[in-house]
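Encoded as structure tokens, the structure appears first; notes follow it.
There are 2 protein chains.
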Amino acid sequence: MSDLKLPTRSEDFSEWYNQLVIRAELADYAPVRGCMIVRPYGWAMWENIQQALDKRFKATGHVNAAFPLLIPRSFIEKEKSHVEGFSPELAVVTIGGGKELEEPLIVRPTSETIIGHAYAKWIQSYRDLPILINQWGSVVRWELRTKLFLRTLEFFWQEGHTAHATSEEAEIETRQMLDVYTDFAVNEAAIPVIPGRKSAAERFAGAQETYSIEAMMGDGKALQSGTSHNLGQNFARAFDIQYLDKDGALQYCWTTSWGLSTRFIGAIIMVHGDDQGLIMPPKLAPLHAVMVPIFKSDEEKARVMEVGMKLRDELIAANIRTKIDEREGMTPGFKFNDWELRGVPLRIEIGPKDVAKGTVVLARRDKPGKEGKSFVPQTGLAEVVNTTLADIQKSLYERALAFREKNTHTPQNYEQFREAVETGFALSFWCGDGKCEGKIKEETRATVRNIPLAQSGGQGQCIHCGQPAKEQAIFGRAY
Amino acid sequence: MSDLKLPTRSEDFSEWYNQLVIRAELADYAPVRGCMIVRPYGWAMWENIQQALDKRFKATGHVNAAFPLLIPRSFIEKEKSHVEGFSPELAVVTIGGGKELEEPLIVRPTSETIIGHAYAKWIQSYRDLPILINQWGSVVRWELRTKLFLRTLEFFWQEGHTAHATSEEAEIETRQMLDVYTDFAVNEAAIPVIPGRKSAAERFAGAQETYSIEAMMGDGKALQSGTSHNLGQNFARAFDIQYLDKDGALQYCWTTSWGLSTRFIGAIIMVHGDDQGLIMPPKLAPLHAVMVPIFKSDEEKARVMEVGMKLRDELIAANIRTKIDEREGMTPGFKFNDWELRGVPLRIEIGPKDVAKGTVVLARRDKPGKEGKSFVPQTGLAEVVNTTLADIQKSLYERALAFREKNTHTPQNYEQFREAVETGFALSFWCGDGKCEGKIKEETRATVRNIPLAQSGGQGQCIHCGQPAKEQAIFGRAY
Numbered sequence: 000m001s002d003l004k005l006p007t008r009s010e011d012f013s014e015w016y017n018q019l020v021i022r023a024e025l026a027d028y029a030p031v032r033g034c035m036i037v038r039p040y041g042w043a044m045w046e047n048i049q050q051a052l053d054k055r056f057k058a059t060g061h062v063n064a065a066f067p068l069l070i071p072r073s074f075i076e077k078e079k080s081h082v083e084g085f086s087p088e089l090a091v092v093t094i095g096g097g098k099e100l101e102e103p104l105i106v107r108p109t110s111e112t113i114i115g116h117a118y119a120k121w122i123q124s125y126r127d128l129p130i131l132i133n134q135w136g137s138v139v140r141w142e143l144r145t146k147l148f149l150r151t152l153e154f155f156w157q158e159g160h161t162a163h164a165t166s167e168e169a170e171i172e173t174r175q176m177l178d179v180y181t182d183f184a185v186n187e188a189a190i191p192v193i194p195g196r197k198s199a200a201e202r203f204a205g206a207q208e209t210y211s212i213e214a215m216m217g218d219g220k221a222l223q224s225g226t227s228h229n230l231g232q233n234f235a236r237a238f239d240i241q242y243l244d245k246d247g248a249l250q251y252c253w254t255t256s257w258g259l260s261t262r263f264i265g266a267i268i269m270v271h272g273d274d275q276g277l278i279m280p281p282k283l284a285p286l287h288a289v290m291v292p293i294f295k296s297d298e299e300k301a302r303v304m305e306v307g308m309k310l311r312d313e314l315i316a317a318n319i320r321t322k323i324d325e326r327e328g329m330t331p332g333f334k335f336n337d338w339e340l341r342g343v344p345l346r347i348e349i350g351p352k353d354v355a356k357g358t359v360v361l362a363r364r365d366k367p368g369k370e371g372k373s374f375v376p377q378t379g380l381a382e383v384v385n386t387t388l389a390d391i392q393k394s395l396y397e398r399a400l401a402f403r404e405k406n407t408h409t410p411q412n413y414e415q416f417r418e419a420v421e422t423g424f425a426l427s428f429w430c431g432d433g434k435c436e437g438k439i440k441e442e443t444r445a446t447v448r449n450i451p452l453a454q455s456g457g458q459g460q461c462i463h464c465g466q467p468a469k470e471q472a473i474f475g476r477a478y
Numbered sequence: 000m001s002d003l004k005l006p007t008r009s010e011d012f013s014e015w016y017n018q019l020v021i022r023a024e025l026a027d028y029a030p031v032r033g034c035m036i037v038r039p040y041g042w043a044m045w046e047n048i049q050q051a052l053d054k055r056f057k058a059t060g061h062v063n064a065a066f067p068l069l070i071p072r073s074f075i076e077k078e079k080s081h082v083e084g085f086s087p088e089l090a091v092v093t094i095g096g097g098k099e100l101e102e103p104l105i106v107r108p109t110s111e112t113i114i115g116h117a118y119a120k121w122i123q124s125y126r127d128l129p130i131l132i133n134q135w136g137s138v139v140r141w142e143l144r145t146k147l148f149l150r151t152l153e154f155f156w157q158e159g160h161t162a163h164a165t166s167e168e169a170e171i172e173t174r175q176m177l178d179v180y181t182d183f184a185v186n187e188a189a190i191p192v193i194p195g196r197k198s199a200a201e202r203f204a205g206a207q208e209t210y211s212i213e214a215m216m217g218d219g220k221a222l223q224s225g226t227s228h229n230l231g232q233n234f235a236r237a238f239d240i241q242y243l244d245k246d247g248a249l250q251y252c253w254t255t256s257w258g259l260s261t262r263f264i265g266a267i268i269m270v271h272g273d274d275q276g277l278i279m280p281p282k283l284a285p286l287h288a289v290m291v292p293i294f295k296s297d298e299e300k301a302r303v304m305e306v307g308m309k310l311r312d313e314l315i316a317a318n319i320r321t322k323i324d325e326r327e328g329m330t331p332g333f334k335f336n337d338w339e340l341r342g343v344p345l346r347i348e349i350g351p352k353d354v355a356k357g358t359v360v361l362a363r364r365d366k367p368g369k370e371g372k373s374f375v376p377q378t379g380l381a382e383v384v385n386t387t388l389a390d391i392q393k394s395l396y397e398r399a400l401a402f403r404e405k406n407t408h409t410p411q412n413y414e415q416f417r418e419a420v421e422t423g424f425a426l427s428f429w430c431g432d433g434k435c436e437g438k439i440k441e442e443t444r445a446t447v448r449n450i451p452l453a454q455s456g457g458q459g460q461c462i463h464c465g466q467p468a469k470e471q472a473i474f475g476r477a478y
């Protein structure tokens with residue numbers, strides 16, 4: 000990293016984000032326009048996200064598998080809305096092994112079609128259902144405007160694909176996975192999210208119903224952070240996914256799909272980060288604690304490092320991801336800034352005086368300056384660190400929730416609505432008509448993020464047309 | 000699975016393999032020629048392989064990252080031997096977002112070029128070295144003759160890519176990773192392997208030296224099961240990967256790469272499997288033990304299942320991957336065959352008599368019939384299961400090693416050599432000349448698998464030309 004200052008978030012949120020991703024070495028631009036390299040520090044966070052999700056997928060009965068990257072172009076054309084949604088975004092392989100291909104292949108933009116084809120082959124009877132498969136991998140969509148993690152030509156994700164005997168089971172699965180994403184966001188990433196139903200206009204191409212979790216970023220904009228789709232029988236009909244029921248009758252299956260991507264790393268950056276850099280939620284942080292040794296002479300260094308290494312080993316033994324910053328030729332102050340930029344939740348300072356007194360200094364990343372500093376005894380350090388990490392996790396969530404609540408408005412009229420979506424979310428009654436939705440987008444750049452599952456009840460008037468409305472929606476500008 | 004018999008291995012080894020992969024639901028053919036779907040049972044084995052390797056990579060200081068799938072075509076052309084090796088095998092994307100691309104992109108066949116480009120950007124000085132990165136993913140090579148797991152257009156693997164300040168460090172890294180693969184093969188997969196140096200003809204395209212581990216399959220043929228390449232300065236020069244040394248002079252880095260793929264699953268199948276199906280080495284087995292409940296009435300079923308579920312929970316609590324086969328409408332005999340086909344190391348049978356006596360029947364997959372059966376008490380079952388699994392792991396290794404030794408010959412003349420490679424390996428002095436290597440291949444279909452690192456010493460005469468030779472090589476027909 001360089002020691003230039005980041006732009007502040009209030010000066011230029013977008014540039015703050017771009018520079019932070021590069022300078023904290025989370026990701027880098029690839030030589031192909033719009034593609035990204037996820038660097039080791041960013042990938043370590045993704046591995047933690049993967050573990051946290053995979054555990055939840057397996058606990059709900061899912062297994063992993065791997066389907067091919069290359070899909071016959073004709074597959075994409077089998078489901079009408081799917082082809083309309085995805086055909087403008089395809090990367091097409093036309094040459095293989097030096098020869099022009101008879102049928103071009105597409106690099107998967109998502110795998111409903113090729114997995115649907117496999118399910119049609121594997122499923123014979125009701126005994127084969129449900130099929131509950133997830134896949135970890137990457138997909139390619141030819142995006143024009145890209146931003147690291149948020150929207151790239153290739154991105155990394157998981158995609159779950161399930162097949163069921165009844166419509167009810169498919170809906171239960173769709174909602175269950177939305178709950179899994181919500182639980183993950185809240186309890187692992189410390190990000191409050193709003194689970195809800197997407198409007199028809201914002202549905203996944205080919206879905207009967209799409210649900211999402213929506214989070215508010217530090218600039219008040221929304222980020223769709225995970226989606227779960229009830230595909231009804233659309234793909235089952237397009238790919239002939241049928242089963243024999245208990246009475247020997249042939250039925251179409253009901254399928255679902257759900258995904259969460261490296262985009263979520265963008266959410267973590269934009270929800271928790273501050274003007275000094277990243278703040279990693281402890282549960283997903285690649286490093287929990289970094290120890291910075293402070294010394295002036297070789298003799299002091301030897302004394303400090305001896306104790307430092309002992310403490311590090313104790314912390315690692317207690318499952319605290321700890322590192323000593325032994326880099327030479329850098330001042331402690333430079334190191335402090337560097338690890339603040341990278342968002343390590345806890346810094347441990349240790350110098351000759353600390354060695355003599357049997358203490359260390361703990362500095363919390365989430366509380367700047369003196370407020371976050373404390374002197375703690377070396378004895379029992381792991382326990383204090385664990386407690387502090389848990390408190391940081393909790394504080395980050397509370398702070399993000401307070402920020403969202405402060406910036407979520409319930410406007411009384413369209414003028415107030417316009418104002419609300421300038422800086423945050425508006426929770427407003429909406430008639431459900433796509434025309435109002437379109438007009439609002441045109442006039443305010445805000446879209447229906449979702450219709451929250453938790454409704455306050457009652458009836459109202461559409462914020463745009465004034466017609467009677469039964470449901471409230473979250474409106475906001477979105478990434 | 001169907002209840003048709005597999006072909007025996009001696010009848011038709013190749014067909015035995017093909018049918019087994021499909022019927023045990025390890026993998027399936029994809030709609031695109033030569034591509035495969037890795038099904039959940041196969042992927043669970045791959046996940047175990049990934050964990051066992053990843054642990055070793057991290058213990059030797061490596062970190063994971065993700066580089067893009069799509070590579071500018073010009074990159075492949077920068078390293079002379081690399082382009083010669085890979086250009087006939089490329090899948091080329093020529094259309095993106097509906098438009099013809101100015102520069103076609105290739106779907107990565109391997110990532111030396113794109114990673115080299117990134118390293119050139121990231122490395123400034125000796126302080127940035129070494130860089131030790133691994134990537135898990137898939138690559139595409141346009142193969143003409145394909146076979147599930149062994150050779151497919153797309154395959155799954157890990158590829159490590161490192162950069163060092165000196166030639167010595169690069170060689171140490173290359174050999175260290177060969178040792179990691181050897182240790183993994185022997186101690187996790189129960190597969191004896193021969194670590195050695197490849198001949199010049201068999202080197203990776205662009206490598207200065209390639210090392211491999213070679214294993215003998217159940218038909219006596221060789222499978223290259225992992226490779227580690229010392230790339231010298233070839234890629235550093237092609238991609239300008241340079242660093243400032245301590246004296247301020249600009250130097251080219253020395254790089255390595257190393258990989259192990261889903262091909263290794265093929266090795267596990269062909270080394271351990273028998274005429275009944277797969278035999279999974281316990282350390283990598285998706286399931287360690289399957290319990291088959293035996294009963295004739297609902298009342299018996301209730302009694303058996305109560306005890307069965309209690310035992311299953313005890314085994315799972317002891318980290319033994321256990322499942323009860325509760326499928327209805329199938330006889331116990333059918334289930335026995337099914338799990339034998341799938342290679343689960345231990346079967347646990349429990350019926351009303353066992354419940355009454357407080358025992359169960361353990362049946363080892365590696366020892367057919369009575370020899371592998373024992374009655375053991377329910378009390379302390381987890382311990383007995385663990386001990387038995389360890390013994391199966393050990394027996395599988397010993398059996399594979401004995402088979403390889405029996406089928407590895409040290410022919411005294413070329414006639415004996417010809418005979419030896421009909422059914423196994425020949426360990427023979429070789430002059431090192433590519434012409435002899437070529438002739439041998441032409442005449443016997445056997446290739447130099449590698450020149451083992453462990454040499455018996457001494458000198459001899461080349462098995463083909465009779466000229467003085469310093470090293471012995473392993474020759475065999477290969478997959």
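Chains as they are written, first to last, in numbering that gives the first Met the number 0: chain D, 0 to 478; chain F, 0 to 478. No residue lacks a Cβ here, since even glycine has one placed at the ideal position from N, Cα and C. All values reported here derive from a predicted model rather than from experimental measurement.
Beta-bridge partners of residue i, as assigned by DSSP
i               : result
alanine 477/D   : Ala221/D
proline 292/D   : Ile349/D
lysine 4/D      : BP columns for lysine 4/D are empty, so no partner.
arginine 196/D  : Tyr210/D, Ile450/D
threonine 321/F : Ala288/F
Interface flag, residue i vs chain F, CB-CB below 7 Å
i               : result
glycine 115/D   : no
isoleucine 94/D : yes
isoleucine 36/D : yes
valine 82/D     : no
methionine 0/D  : For methionine 0/D, the predicted model reports a pLDDT of 48, less than 50, meaning its position is unreliable; a value from the coordinates is still stated below. Judged by the 7 Å Cβ criterion, methionine 0/D is not in contact with chain F.
proline 285/D   : no
alanine 301/D   : no
tryptophan 42/D : yes
glutamate 14/D  : no
Integer Cβ distance of residue i from residue j, believed to fall under 8 Å
i               : j                   : result
alanine 399/F   : isoleucine 190/F    : 6 Å
leucine 52/F    : tyrosine 40/F       : The pair is not a contact, with the Cβ atoms about 19 Å apart (cut-off 8 Å).
tryptophan 45/D : phenylalanine 203/D : Going by Cβ atoms, the distance from tryptophan 45/D to phenylalanine 203/D rounds to 23 Å, so no, they are not a contact pair.
glutamate 142/D : threonine 151/D     : 7 Å
7 Å Cβ cutoff, residue i in contact with chain D
i                : result
leucine 19/F     : no
leucine 68/F     : yes
glycine 97/F     : yes
valine 138/F     : no
asparagine 406/F : no
valine 289/F     : no
Boundaries (first-last residue) of the beta strand (DSSP E) holding residue i
i               : result
glycine 485/D   : Beyond the ends of chain D as shown, which are 0 and 478, falls residue 485/D; an answer cannot be given.
aspartate 425/F : Note that residue 425/F corresponds to alanine in the displayed sequence, not to aspartate. From DSSP, the beta strand (DSSP E) with alanine 425/F extends over 424 to 429.
Continuous alpha helix (DSSP H) stretch holding residue i: start and end
i              : result
threonine 93/F : Where threonine 93/F is concerned, there is no enclosing alpha helix (DSSP H), although the beta strand (DSSP E) it sits in stretches over 90 to 95.
serine 482/F   : Nothing about residue 482/F can be reported from this structure: the residues present for chain F run from 0 to 478 only.
_Inside the segment 340 to 404 of chain F only - beta strand (DSSP E) runs reaching at least 3 residues_ = Whole beta strand (DSSP E) segments, 3+ residues: 345 to 349, 358 to 363, 372 to 376.
_Whole runs of the alpha helix (DSSP H) within the segment 236 to 278 of chain F, excluding any shorter than 4 residues_ = You should have 262 to 271.
*Entirely within the segment 23 to 84 of chain F and at least 3 residues each: give me those beta strand (DSSP E) ranges in chain order.*
For the segment 23 to 84 of chain F, whole beta strand (DSSP E) runs of length 3 or above, ordered along the chain, are 26 to 28, 35 to 37, 69 to 71.
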